[in-house]
């Protein structure tokens, strides 16, 4: 296409006047490039202008290849179009005329500083506005290349203000139609909803065209831009966004476990919540409006509305995403102001990750407008910002306590299943599923997993499909945990894949050493998670394709290590000692040592093993009796000879002790 025709929108129409723009090249360069480090945020500023203009429909259109020399970024809206005076006011740098006139009569303006138009400087060399207002078509093109700045800053530094004259043009309807034709013809929703010409057209509209794209403009990612617009811009019935013809809708999330409405379910909060919060309901708002209920803080925060959602699973775990779906979503006049900081500047060590990833808070706090910096992405440090952070932290702590209470009410199996479900599938479900398949195909004989082999071919296929479904469901493949005595030579546990049971082996020394924890539902979870991790580790080793002999050796050595650790360091329980005595019955020396441990466990202090020919196996001296000045001794059985040896004086209370007791 002829370049002159291709960019005809920059010159078409009859010049009727000029717009004088007083601006410093150096200031706009430093200010814009520092303010808008993200190209997506720069586009967001143009969309904000459309919102403030009362637009009900906004369509953003990107050229298929932004690297082409004729590529453009276009924003079309059906808001209040600008006439000649409107275009002149638009180019007053540093003043938001929408704020001065209260914006659209139906909305609070979300622009504040009158610098949003400067966002285009970082994206393109030229910005053209084509508008319809009062039945007349207007156009104006700002050419940033006419800013004659010294590339090195010169001696004037930032004091290089100059006046740029922008030609103001009026167009006929046909000229306007020809100028915007490339961006209004299409079959997708965004093209159909914005009717600029013909019948049933929008009475006013604006088309903003960025051309001569700079490097930052060429780096715009369609996916990232869509996410920013999806999360940052207001979602209202009277405001719809489209990107390349497709509607931008709020992100879809799973149904929350609980939803708490500020001002209804959330009123009184513990520290660090600021004092003086009062419930305040706006009866003029519909019952289902997010702004119906709220709390009011007279000193700083004003009225706060919104809600908190608590989810069972981690939000967006394992999904491709451009930003977070969990955390705080803080809105000022309907626009999110913390797109890139889901923690709202709060130190992450104060936001427990296990809770934060299951938590989503939508909060509208218009008072923060006073603390908002010009980038609309950061805040001035001060009491207002700090108090807002404390309110959010208090809400987070409320959710954390509710999750803890919920976890305490769950069965161990349900808790483990929940944690497995929130862990990466590559570390949990997939390896275990692969191992089950190997066992069914008789390609593996794992140490920890049991699966009966009496399946028919049809039953095997049916079970495998059922197991896959169980693994993906919220309840998971684990239905129940049981503490049961298995063979002492077995591992920590057996996972019965068919029944979904985790059978924890109470005969295993490690389990026996901590049986008081394993047998207590509220204290058993950490140990049960350890046991389940052993089962998953074995599955992962098989999934890696290691030789089964190597896997057996690794699992066997690890199991033996656990046994040795509790033998040498942990206080042994009666069950452990009984098992040890039984295991030592054929080894005289070992039996003597286990007998010593038995008497010590029974409460005998300082049990000393002696052994040797004609000597007792051990002795335990008692304190001297108050009424007698002779040392008393408790009997110690000769374990290896199965008979009683040693002296048997009266006990500490003066009663005789007979042999054989």
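Residue numbers (the numbering used here): 2 to 662. Positions of the beta carbon are idealized from the N, C-alpha and C atoms, including for glycine.
Would you say residue i and residue j are within 8 angstroms of each other, going by their C-beta atoms?
i           : j           : result
residue 262 : residue 296 : no
residue 40  : residue 218 : yes
residue 542 : residue 555 : yes
residue 278 : residue 214 : no
residue 671 : residue 369 : A question about residue 671 goes unanswered here, because the residues of the chain that appear run from 2 up to 662.
residue 284 : residue 294 : no
residue 507 : residue 482 : no
residue 88  : residue 209 : no
residue 191 : residue 247 : yes
residue 304 : residue 351 : no
residue 514 : residue 503 : no
residue 535 : residue 552 : no
residue 479 : residue 511 : no
residue 392 : residue 359 : no
residue 429 : residue 302 : no
residue 74  : residue 44  : yes
residue 298 : residue 436 : no
Is residue i helix, strand or coil by DSSP?
i           : result
residue 209 : strand
residue 417 : helix
residue 539 : helix
residue 298 : strand
residue 560 : helix
residue 315 : coil
residue 182 : helix
residue 449 : coil
residue 93  : coil
residue 165 : strand
residue 42  : helix
residue 218 : helix
residue 346 : coil
residue 199 : coil
residue 113 : Because the pLDDT of residue 113 is 49, which lies under 50, any placement of that residue in the model is unreliable, and the question is left without a value.
residue 269 : coil
residue 282 : coil
residue 591 : helix
residue 336 : strand
residue 524 : coil
Start and end of the beta strand (DSSP E) containing residue i?
i           : result
residue 143 : 137 to 144
residue 288 : Here residue 288 belongs to no beta strand (DSSP E), and DSSP marks it neither H nor E.
residue 497 : 494 to 497
residue 360 : 360 to 365
residue 329 : 328 to 333
residue 482 : 481 to 485
residue 125 : 125 to 134
residue 545 : Unbroken run through residue 545: none, as it is neither H nor E.
residue 503 : 502 to 506
residue 83  : Taken as a continuous stretch (DSSP letters only), residue 83 belongs to no beta strand (DSSP E), as it is neither H nor E.
So who's on the other strand from residue i, going by DSSP bridges?
i           : result
residue 243 : 60 and 248
residue 262 : 308
residue 19  : 168
residue 373 : 380
residue 303 : 298
residue 24  : 163
Pick from the options: whose alpha carbon is nearest that of residue i?
i           : options               : result
residue 234 : 289, 47 and 206       : 47
residue 173 : 515, 198 and 165      : 198
residue 227 : 502, 404, 436 and 61  : 61
residue 92  : 80, 67, 130 and 66    : 130
residue 249 : 50, 237 and 260       : 237
residue 442 : 449, 431, 448 and 455 : 455
residue 356 : 383, 315 and 240      : 315
residue 179 : 258, 344, 444 and 12  : 12
residue 140 : 546, 491 and 206      : 206
residue 79  : 70, 546 and 56        : 56
residue 707 : 589, 594, 146 and 460 : Lying outside 2 to 662, the shown extent of the chain, residue 707 is not represented and no answer is given.
residue 167 : 71, 20, 146 and 148   : 20
residue 447 : 121, 549 and 530      : 549
residue 568 : 598, 590 and 70       : 598
So the alpha helix (DSSP H) residue i belongs to, where does it begin and stop?
i           : result
residue 472 : 458 to 473
residue 1   : Summary: the structure shown does not reach residue 1, with the chain confined to residues 2 through 662, and so no result is reported for it.
residue 73  : First-last for residue 73: 73 to 78, but that is the beta strand (DSSP E), not the alpha helix (DSSP H).
residue 1   : What is shown of the chain runs 2 to 662, which leaves residue 1 out entirely.
residue 230 : 223 to 233
residue 510 : 510 to 514
residue 191 : 190 to 194
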